[in-house]
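Working notes, beginning with the structure itself.
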Amino acid sequence: AQKVTQAQTEISVVEKEDVTLDCVYETRDTTYYLFWYKQPPSGELVFLIRRNSFDEQNEISGRYSWNFQKSTSSFNFTITASQVVDSAVYFCALSEAGANNLFFGTGTRLTVIP
Amino acid sequence: DVKVTQSSRYLVKRTGEKVFLECVQDMDHENMFWYRQDPGLGLRLIYFSYDVKMKEKGDIPEGYSVSREKKERFSLILESASTNQTSMYLCASTLGGESYNEQFFGPGTRLTVL
Chain Y
5 AQKVTQAQTE ISVVEKEDVT LDCVYETRDT TYYLFWYKQP PSGELVFLIR RNSFDEQNEI
65 SGRYSWNFQK STSSFNFTIT ASQVVDSAVY FCALSEAGAN NLFFGTGTRL TVIP
Chain E
608 DVKVTQSSRY LVKRTGEKVF LECVQDMDHE NMFWYRQDPG LGLRLIYFSY DVKMKEKGDI
668 PEGYSVSREK KERFSLILES ASTNQTSMYL CASTLGGESY NEQFFGPGTR LTVL
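One line per chain: the protein sequences are Y and E, in this order. In terms of this note's numbering, the numbers along the first sequence are unbroken and rise by one, the last being 118. In terms of this note's numbering, the numbers along the second sequence are unbroken and rise by one, the last being 721.
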């Protein structure tokens, strides 16, 4: 069965600090896709990144970076030099090959204090 | 700019009322989804549709039904609203055929059942 665990319910950091959001997943499939979404206070989930199970290369996009490690079934998300606009709920999600739907974690609420 | 719109941002209904939540996407996507979001539970899939007039149950379909008469529109119906259906409802859409396609989300409808 598929499962996505985000153990951190809430995190608070001071502006300019780095922060890492953890995501651990479970799946029996060898082909799957991992996602991160951001949900700002406006409510609409915004897609951040997708990774397939065959691509363990880490990715960096500006202040955002993602570390995918199949050995530990983790897909962690780091924000460098956090800003107040990063305050949101972040969701990690899993999709298995051939499936139409996503399995979401319970989300991590990040608050960046000015 | 791609868009998923939902008919209401906030809705207040009484127990026993029939409630319709409407979702429209302008991206010609095959797949559409309804989720509910509750604190500590993340997003849970209620129903999804992969084509007009086609639907499949998600993880929590009890108490809900759906309708997809046109490709761009996907409706969620609460036949007889109950207080435990007070929640945030999110609609999403994605291209069909591949599980790696990201989902695009609407802004959500916060439903309160009194």
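Beta carbons: idealized from backbone N, C-alpha and C, even for Gly.
**Request:** Determine the DSSP secondary structure at residue 645/E, reduced to helix, strand or coil.
**Result:** strand
**Message:** Once the 5 residues before and after residue 611/E are set aside, which same chain residues still bring their CB inside 7 Å of it?
**Reply:** 630, 632, 698, 699, 700, 711, 712 and 713
**Asked** Any C-beta of chain E sitting closer than 8 Å to the C-beta of residue 81/Y?
**Response** no
**Item:** Other residues of its chain near residue 723/E: CB distance less than 7 Å, five sequence neighbours each side excluded
**Value:** Lying before the first or after the last residue shown, residue 723/E is absent from chain E, which here runs from 608 to 721.
**Prompt:** Just by C-beta distance, which residues in the stretch 634 to 649 of chain E are closer than 7 Å to chain Y?
**Reply:** 638, 640, 647, 648 and 649
**Request:** Say whether the stretch 19 to 28 of chain Y touches the stretch 82 to 90 of chain Y, bearing in mind that this needs 3 or more beta-carbon pairs closer than 8 Å, one atom from each stretch.
**Result:** yes
**Asked** Roughly how many angstroms separate the alpha carbons of residue 99/Y and residue 32/Y, rounded to a whole number?
**Response** 12 Å
**Message:** Rounding to the nearest angstrom, what Cα-Cα distance links residue 101/Y and residue 627/E in this structure?
**Reply:** 32 Å
**Asked** Who are residue 79/Y's beta bridge partners in DSSP?
**Response** 72/Y
**Request:** Return helix, strand or coil for residue 690/E, following the three-state DSSP convention.
**Result:** helix
**Prompt:** Under 8 Å between C-beta atoms, does residue 19/Y make it to chain E?
**Reply:** no
**Message:** Less than 8 Å between CB atoms is the rule here; does residue 62/Y satisfy it with respect to chain E?
**Reply:** no
**Message:** Can you confirm whether residue 632/E, when its beta carbon is compared against all beta carbons of chain Y, has any partner nearer than 8 Å?
**Reply:** no
**Item:** 8 Å Cβ shell around residue 15/Y - same chain, five flanking residues per side excluded
**Value:** 23, 25, 112, 113, 114 and 115
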